[in-house]
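> Next up is a structure, given as structure tokens.
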Amino acid sequence: MRRATVIAQLAIVLAIVAAAPGAPAAAAEWHSEQPTAAGIGVPVPLGPVGDIEFWAPNRGVLITAGNEGMPAGVYAYDGIGWHLYSTVCGGHDGRIVWTGPTEFWTVSDYATKQEGVEDERLEQRRTLCHFRDGQVVASHAEPFGTAETYLPMSAAACAGPSDCWFAGERLPGDPNVGAFHLHWDGASLTSIPSLTEAEPELSDPGRSVEDLVFFQGGLFESVRVDEGDQAPGETESSLIHRIEPSSAQPFVPLFPTYGPGASADTVFGGLRFTADGSELWALAGSDRPEGLTAFHYAGGGFVQIPLTQPDPPLLKEKDSVEGVAAEPGSDRVWVGLCHVDDFCSPTYGGRARLISIRGDGSVGPEVALPASSEELNNKGFAGPIACPAAGQCWMATSMGWLFHLGGSLPQDTDPAMHQLISSRPCDNSCRSIPPVGIPVDDSGELAAGVNPELPPIEKRPKPPKPARPIAFKVKQRVVDGTILQLSFTLRTRAHVQLLAKRGGRTVAKTPSLTMDRGRHRLRLRLDPKRWPTDLKFKVRAAGRRSGK
Amino acid sequence: MSWRRAILGGSLAAALSVGVPATAAAEFGPIELVSKSGREQAGAASEPAISADGRFVTFRATIGGRSAIFRRELAGGGMRLVAERVGAEAGGGPSISADGRYVAFTTAASLDPTADDPQPPAVAPKDSDVYVADMAHAPPAYEIASARDGCNPAASPVPCGLSYSSNDGSLAGVGIALSADGRRVAFVVNARSDLTGAAGGAETPPEQVALRDLATDSTILISTRRDPVTGMTEAPVEAGAVYDASGAALSADGTTVAWLGEHIDEQAPMLSDEAASVKALGSPYNEPLWRRVPSAADRPPTRRVVGGGDPIAPGCPRDGTLADPACQGPFNLFERIGDVAAQGWLSQGSAAPRLSADGELVALLGDPEERADVFLVDMKPGLSRREAMRQLTRWTNPAPELPLQSVFSNPAYAPFLAPIADLGISPDGRRIAYTTSRRFFPLAPPTLVSAQPAGLQSTELYQIDLGSETIERVTPGPEADVSLGGGASAPSYSADGRMLAFVSRAHNLVAGDANEGNDVFVVESTLPSPVGSSAVPAQPSRLVVRPRWRLATRAVSRPDGTVRVIASVPGAGTLRAKASAQLGPRLLARDVTAGRSRSRSARVLRLDLRLPPRLRAMARARAGLSASIRVSFAAPGREQLRDELPARFRVHRASEAERR
């Protein structure tokens, strides 16, 4: 009943989200453009959006963790409006990278609750989904708590369908120092450095990866310089590495050219990359009054751009960069900011701050969203930004409210981008329920010569009746992730009990119940931390002493 | 203590059911979210009040970046701003007139600077005042209601608003402060003020109940002091008349005001030993009080709605005491358990009474039995408080062997004893909505006819229909088991009880509710149609209080292995209960235990059925014994009433005798 309700509600939500693209576009300025939900009939936030990426100006996707009213998953833009594209592979602070017109990868949360994990944050950003032609063609993950468990990932970049990189937190140091990297070669994923075998020759400094980008044939990663990092070989902190997969030491430190008074120590947070095809930028916050550190890639290296602030200045010390996107066809980069004093948390009550930085370093003006003229409540601080074309940019706030710079576009009608994907293939982390072991009903065999001591019976004994199980049509399913529901039909009145065992020990059981013949249902709540490895379904005909 | 539990449940039930033929329970339509604009859901919506005609809902919310009071037209969806916060000053507590034209509220903003008193330099931030917005104007026209008697804001050369000595100012109760015509407003003056004296003075003590008639520019002090000899005076209660700024309720016809009072003996009669007991208490003592609005010609008394004592009860002598049964109220309000914030009617929190449109029925939230329950009191003259009061919900103790405090603090017992959190009454007095996370309501009638929620801690909205004597669960609607994400509060009814507005944090009442905050919802229910034709003559010469001849039963399995049969019987007679069970797989059901009890009048009877020792052992071995209980009620000359209940004898431990 509940499941049916959820599906029905979701269907309503989907229908309306797809049909109602939001407010009419106002091309010249940033404006709210939020999908509308059914039931309440007004635009609603989508929950924390981790990333927005576009293949074309009228073909983009975003990944969200969802909220109480909107499902987690992937939403797609078709030039007219946003619609729910996938109810699987959503995630907290997820990432998206395109590899083809209908093919992309996501960094997502686990599909199923992992055993022994109490803090759900540990289950976030540790899996990959591979979308192609309107379906999830593969899911990649390892069970939590093993040597091969993926670490949380925060960056993704692809040079093509068979060359993708994903990276994230630094490794624990044993067996290897470095950051967690996964490389997709078109056929399989490989951890670099290995998670199980020592590879000290790779010389990857032990810093977590903030961002990845392919630009003009090169692969770059930015890293965070944090206390406790393991980078013994470094004489100077390197914020950017060039990754050369074919090299014996693939993580080559780069040292940007800093401006006066600046150094790696003054960079606040990791650098975020943005490229528009011809230009590559790297930006981060700053511990200095300038408020931002901006680099431009030129001549094979990164050079800091001196920023020119208006009076009064728009940037503040310890402004945090929450999103960045270069606008193609212009020398402008949009930067989403949040100041550390505002906590940058879901409780943030102010408006989203966006500023633009020109190629010459001039800053401003600042855009506060939502604009006063929109008559909207504040929607959280600025989050990911994407600019697929000149005059076409999107920004999602921390609550999952979308703002658009630019107007509507010709609708992308590719059927592959108008599916509703609701299934995700099982990966190594999937948890399965062992099949129920139905006891053999030996009630028909009682008449057979059980006791060899008895004298032979002259009369030819009747052949024993074929054993007919008391319980049949046994079906099992898991409801709400933790409740095992067993449906069955009893041939006769019987005592029944369902036991869940793990390593021979009973971890959950129902009371022994006496049930009349007919169809019945048993429900057993399972503890995810003590997930059963074996199930026993005891059925005993009522009034009989044996026959288990 | 015994009389404390002795509730005369049947008499008022009978009184309320006079003239109302048997009816079916209401059917609820889909729940609609109304706290939204065309562009977004509201943030932090709260305190809804629905107009009597069911056309408008007013509420507090943040919409379009504005934290304000809004009024929404339900049919057209139009939203209008009633009053906005000014800076950090919060408006609140909206009440709405029957046609939705007028909205009363409390605000610290000076919406009519010519009428509001100037800000005393020593008082910051500004004191709060009560205003009424006339929504027939655009923008709304504001008139101050917390104003001095006889002062016309439009004509007076000096501000008419009350002057206060502190910024507590005045307060209007949420959804209960405005008369149906929008011209009368009840409010509580929380600060020392010039309410009854010269303008600018401060001779009126704080915590007084007042009523403003906007049509005549008169302000009447309601909570006046009672002189034991001469009766009601026009002087305020020096020590304060209202408990804990809980607001005051005004009946829709503007004739009656009710409030949760303090210093009761200065406002209403008390028994001599009762007054002495109150004075001896170390903590505040409160009781709901009720008064018809006085006029120049008439000074009606302030009456106690319920009380430990009932000095004006028929039969109570002039010098009666609490020891005299005729002078006893429904509850002993002095025996509290553990640390409580107050003695009296409500020991935790504060809640103003709710009034029916004519003020005759008072719906109350009170915890005289330690956990807050719902009560309904008939204020018609001539009834003792015990006769007038009907308890509509009652908590049960699932572990009587444990200390009460440990039972209260165990969240696993919440389904039995969670307090009632909030309530509202329909103007016609027929329906009462309340919110709670309790799941069991053993007083039957009213009988719970909805499924119990599956969740232990979900706070749901229930509706009692006194016509059909049913309790129905309103939230989360038919599509879900429990409200997810938060519970309901602040129910408000339209005139006929058909429309019900409420607040909920739950996100599964309406698909797509994604703001992760409180919202205001409206649900419409059918008015139950009478079953058969009414037996009441068109113009009855005299109302006759006669209970309907019916039996309502309920069986509760108790931890000690007994099954308690709770039966509401319609009059004098004998109640019999017989339990039968199937003791073997192929055996016919046989009688296992029986009991009987007699009643002298309509009341709730409790009958405990206990298994014989041999069957107790069997029940324990089987983890319980399912039984069918046949209940019958016989009275001379009347039709025998029968009912049948399923029950289960649960025996968890052996008795001392069995262990031996």
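Taken in sequence, the protein lines are chains X and B.
The working numbering puts the first residue of the first sequence at 135, with every later residue one more than the last.
The working numbering puts the first residue of the second sequence at 2, with every later residue one more than the last.
Every residue, glycine too, gets a C-beta built ideally from N, C-alpha and C.
All values reported here derive from a predicted model rather than from experimental measurement.
Below 8 Å on C-beta distance, what does phenylalanine 501 of chain X contact in chain B?
Position 367 of the first sequence holds residue 501 of chain X. The question names phenylalanine, yet the displayed sequence has valine at residue 501 of chain X. Under the 8 Å cutoff, chain B gives no residues; its nearest Cβ is about 16 Å from valine 501 of chain X.
> Considering only the beta carbon of each residue, do methionine 390 of chain B and proline 331 of chain B sit closer than 8 Å?
Along the second sequence, one-based indexing puts residue 390 of chain B at 389. Along the second sequence, one-based indexing puts residue 331 of chain B at 330. Their beta carbons are under 8 Å apart, which means methionine 390 of chain B touches proline 331 of chain B by this criterion.
> Which class does cysteine 328 of chain B belong to by DSSP, given the choice of helix, strand or coil?
The residue given as residue 328 of chain B occupies position 327 in the second sequence. Note: cysteine 328 of chain B maps to helix in three-state DSSP.
> Counting along the chain, where does the alpha helix (DSSP H) carrying aspartate 274 of chain B start and finish?
Walking along the second sequence from the start, residue 274 of chain B turns up at place 273. Counting along the chain, the alpha helix (DSSP H) containing aspartate 274 of chain B begins and ends at 273-281.
> Which residues, in order along the segment 633-667 of chain X, keep a beta-carbon less than 9 Å from a beta-carbon of chain B?
Those residues of the segment 633-667 of chain X that come within reach of chain B (Cβ to Cβ, closer than 9 Å) are Pro645, Ser646, Leu647 and Thr648.
> Grab the span of the beta strand (DSSP E) containing methionine 529 of chain X for me, first residue to last.
Taking the first sequence and counting its residues from 1, the one referred to as residue 529 of chain X is at position 395. Note, methionine 529 of chain X: beta strand (DSSP E), 526-531.
> Would a check of beta-carbon distances place alanine 172 of chain X closer than 8 Å to chain B?
Counting from one through the first sequence, the residue named residue 172 of chain X turns up at place 38. Answer yes: the Cβ-Cβ gap between alanine 172 of chain X and chain B drops below 8 Å somewhere.
> What does glycine 203 of chain X touch in chain B if you count any residue whose Cβ is under 7 Å from its own?
Looking up residue 203 of chain X in the first sequence gives position 69. Result: His508, Gly513, Asp514 and Ala515.
> Specify whether the segment 94-113 of chain B and the segment 44-63 of chain B touch according to this definition: at least 3 beta carbon pairs, one from each stretch, less than 8 Å apart.
Yes: at least three Cβ pairs fall under 8 Å.
> Return the residues of the segment 321-334 of chain X that lie within a Cβ-Cβ distance of less than 7 Å from chain B, sorted by chain order.
Per Cβ criterion, the list is empty.
> Counting contacts by CB-CB distance shorter than 8 Å, is proline 94 of chain X in contact with chain B?
This structure does not reach residue 94 of chain X, given that chain X is present from 135 up to 682, and the question cannot be answered.
> By a C-beta neighbour count over all protein chains shown, 10 Å radius and 16 as the cutoff for buried, is lysine 37 of chain B buried or exposed?
Looking up residue 37 of chain B in the second sequence gives position 36. Looking at its Cβ environment, which holds 16 or more other Cβ atoms inside 10 Å, lysine 37 of chain B is buried.
> From B:Pro315, B:Ser627, B:Met500 and B:Cys328, pick the residue whose C-alpha is nearest to that of leucine 75 of chain B; which is it?
As a working mapping, residue 75 of chain B is identified with position 74 in the second sequence. Here the closest residue by C-alpha is B:Met500.
> Ends of the alpha helix (DSSP H) at valine 613 of chain X?
Position 479 of the first sequence holds residue 613 of chain X. Element bounds for valine 613 of chain X: not the alpha helix (DSSP H) but the beta strand (DSSP E), 605-613.
> With DSSP run on the structure shown, which of helix, strand or coil describes alanine 23 of chain B?
Taking the second sequence and counting its residues from 1, the one referred to as residue 23 of chain B is at position 22. In this prediction, alanine 23 of chain B scores a pLDDT of 43, lower than 50, which makes its location untrustworthy; the coordinate-derived value is nonetheless stated afterwards. Correct three-state label for alanine 23 of chain B: coil.
> Please confirm whether glutamate 579 of chain X has its beta-carbon closer than 8 Å to some beta-carbon of chain B.
Translated into positions along the first sequence, residue 579 of chain X becomes position 445. For glutamate 579 of chain X, the pLDDT reaches just 45, beneath the cut-off of 50, and the residue's location in the model is therefore unreliable, although a value from the coordinates is still provided. By this cut-off, glutamate 579 of chain X is not an interface position.
> In chain order, what are the residue ranges of uninterrupted beta strand (DSSP E) at least 3 long that sit wholly in the segment 337-400 of chain B?
Fully enclosed beta strand (DSSP E) runs of 3 or longer: 362-367, 374-379 and 390-392.
> Please check the pair asparagine 310 of chain X and alanine 289 of chain X, which I expect to be a contact at CB under 8 Å, by giving their CB distance rounded to whole angstroms.
Within the first sequence, the letter at position 176 stands for residue 310 of chain X. Within the first sequence, the letter at position 155 stands for residue 289 of chain X. Wrong, their Cβ atoms sit about 19 Å apart, outside the cutoff.
> Buried or exposed, going by whether 16 or more other CB atoms sit within 10 Å of the CB of histidine 473 of chain X?
Translated into the one-based positions of the first sequence, residue 473 of chain X becomes position 339. With 16 or more other Cβ atoms within 10 Å, it is buried.
> Using the beta-carbon count (16 or more within 10 Å), is threonine 24 of chain B buried or exposed?
Here residue 24 of chain B refers to the residue found at position 23 when the second sequence is read from its first residue. Any reading at threonine 24 of chain B needs caution, since the residue's pLDDT is 47, under 50, leaving its predicted position unreliable; the model's value is listed next. Under this definition threonine 24 of chain B is a buried residue.
> Where does proline 412 of chain B sit, in a helix, a strand or coil, going by DSSP?
Counting from 1 along the second sequence, the entry for residue 412 of chain B is found at position 411. Helix.
> At a CB distance below 9 Å, what residues from the segment 497-530 of chain X approach chain B? Give them in sequence order.
For the segment 497-530 of chain X, which is checked against every Cβ of chain B, the residues closer than 9 Å are Pro504, Ser506, Glu508, Glu509, Leu510, Asn511, Asn512 and Lys513.
> So what does DSSP say about phenylalanine 436 of chain X, is it helix, strand or coil?
As a first step, residue 436 of chain X is located in the first sequence; it is residue number 302 there, counting from the start. In the structure shown, phenylalanine 436 of chain X sits in a strand (DSSP, three-state: E or B).
> From which residue to which residue does the alpha helix (DSSP H) around proline 637 of chain B run?
Taking the first residue of the second sequence as position 1, residue 637 of chain B is located at position 636. Premise fails: proline 637 of chain B is in no alpha helix (DSSP H) and is neither H nor E.
> What residues of chain X sit near glutamine 42 of chain B, judged by a beta carbon separation below 7 Å?
Here residue 42 of chain B refers to the residue found at position 41 when the second sequence is read from its first residue. Result: Ile174, Val176 and Val178.
> Got a sec: is the Cβ-Cβ distance from alanine 84 of chain B to anything in chain X below 8 Å?
By one-based count along the second sequence, residue 84 of chain B stands at place 83. No, because no Cβ of chain X sits closer than 8 Å to the Cβ of alanine 84 of chain B.
> What's the call for glutamine 168 of chain X, buried or exposed, on a 16-neighbour Cβ count within 10 Å?
As a first step, residue 168 of chain X is located in the first sequence; it is residue number 34 there, counting from the start. Counting Cβ neighbours within 10 Å, glutamine 168 of chain X comes out buried, since at least 16 surround it.
> Put glutamate 508 of chain X into one of helix, strand or coil per three-state DSSP.
Position 374 of the first sequence, counted from the start, is the residue given in the question as residue 508 of chain X. Of the three classes helix, strand and coil, the one that applies to glutamate 508 of chain X here is helix, per DSSP.
> Step through the CB atoms of chain X and report whether any lies within less than 8 Å of the CB of lysine 280 of chain B.
Residue 280 of chain B sits at position 279 when you count from the first residue of the second sequence. It does not; no Cβ of chain X falls within 8 Å.
> Quick one: any contact between the segment 206-225 of chain B and the segment 285-295 of chain B, if contact means 3 or more CB pairs under 8 Å?
Verdict: yes, contact present.
> Taking DSSP as the reference, what is the three-state secondary structure of isoleucine 221 of chain B?
What you label residue 221 of chain B is simply residue 220 of the second sequence in a count that begins at 1. Residue state, collapsed to three classes: strand.
> From lysine 450 of chain X to phenylalanine 402 of chain X, what distance separates their C-alpha atoms?
Sequence index remark: in the first sequence, residue 450 of chain X carries index 316 (1-based). Sequence index remark: in the first sequence, residue 402 of chain X carries index 268 (1-based). Roughly 12 Å separates the two Cα atoms.
> Rounded to whole angstroms, what is the Cα-Cα separation between aspartate 668 of chain X and arginine 558 of chain X?
For the purposes of this step, residue 668 of chain X is taken as the residue at position 534 of the first sequence. For the purposes of this step, residue 558 of chain X is taken as the residue at position 424 of the first sequence. Whole-angstrom Cα-Cα distance: 25 Å.
> Straight-line CA distance for leucine 180 of chain X to isoleucine 630 of chain B?
Taking the first sequence and counting its residues from 1, the one referred to as residue 180 of chain X is at position 46. Taking the second sequence and counting its residues from 1, the one referred to as residue 630 of chain B is at position 629. Using only the alpha carbons, I get a separation of about 53 Å.
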